[in-house]
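Shown next, in structure tokens, is the structure this report addresses.
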Amino acid sequence: MTEPRHAAPDEEQPQPQVVVNDRRRIDPESGEVRAPAHAAEEGAAPAEPLVAEVVDEVAAELKVQLDERTADLQRLSADYANYRKRVERDREAVINNAKAAVAAELLPLLDDIERAAAHGDLTGAFKAVADKLVSTLQKTGLEPFAHDGEAFDPSVHEAVQHNTSPDVEGPTVTAVLRRGYKFGDKLVRPALVAVTDHEPAAPAEES
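For any residue, its number in the working numbering is found by taking its place in the sequence shown, counting from 1, and adding 12.
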């Protein structure tokens, strides 16, 4: 009877083979995106189109965000520009109103100067001071208005006398009783005037 053969103590037994599947999507050496194993088995396209698709999606998303941020910045810039303009307009309005208020307090003095000049009393040192005062006020923006022959404007003229004449075609200022003044677009004081309306001429009498 044959005895079963036993392996020698120092004889190496065959070890089972260990297979390691690297399932990482990114190749650690090249840094490229690997195609899925099943895709490679089925003969799918290489990974480059997948990378391009991902890049396009990311680029499209970044463009949307950039457009939104750009629009926000443009709106903010427009709001700030409008704010600066509004502040500047308000500042100028405050300054002009203050100047107009000061000028309004000096109008009676300007009336006295004008009357003195009309009577020939504005001479010598008094005339020099008066001319300097008038020039300074006009440089700040004060403007006199109203003169004989201009059309009557009820928004800036105050009629205190009324006449009729065939020599005018419509309501006309024929005398300025008190000068009017403006400060820019602001009416400081209306002018007191005499107004003459058109009156048709009487028909000639037949001989």
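Backbone N, C-alpha and C fix where the C-beta goes; we use that ideal spot for every residue, glycine too.
- The shortest C-alpha to C-alpha distance from Arg201 to any of Thr208, Asp209, Arg190 is the one to Arg190.
- Its chain contains Val168, Arg191, Gly192, Tyr193, Lys194, Ala203 as the residues whose beta carbon lies nearer than 8 Å to that of Phe157, once the 5 sequence neighbours on both sides are disregarded; these appear in chain order.
- For Asp143, the enclosing alpha helix (DSSP H) covers residues 136-152.
- If you check the CB distance, Thr208 and Val180 come in under 7 Å.
- Between Lys111 and Thr148, the C-beta spacing is not below 7 Å.
- Taking the C-beta atoms as reference points, Pro183 is found nearer than 7 Å to Phe164.
- The C-beta separation of Ile125 from Leu134 comes to about 7 Å, placing the pair in contact by the 8 Å criterion.
- Taking C-beta atoms as the reference points, Gly196 and Asn108 count as a pair closer than 7 Å.
- In the DSSP assignment, Asp179 falls outside any beta strand (DSSP E), carrying neither H nor E.
- DSSP, read as helix, strand or coil, puts Arg87 in helix.
- Ala206 sits in a strand when the DSSP states are folded into three classes.
- Boundaries of the beta strand (DSSP E) harbouring Val200: 198-201, taken from the DSSP string.
- Our two residues, Glu211 and Thr176, have alpha carbons roughly 5 Å apart in a direct line.
- Counting other Cβ atoms within 10 Å of its Cβ, Ala115 reaches 16 or more and is therefore classed as buried.
- Boundaries of the beta strand (DSSP E) around Gly192: 192-195.
- Taken through DSSP and simplified to helix, strand or coil, Ala130 comes out as helix.
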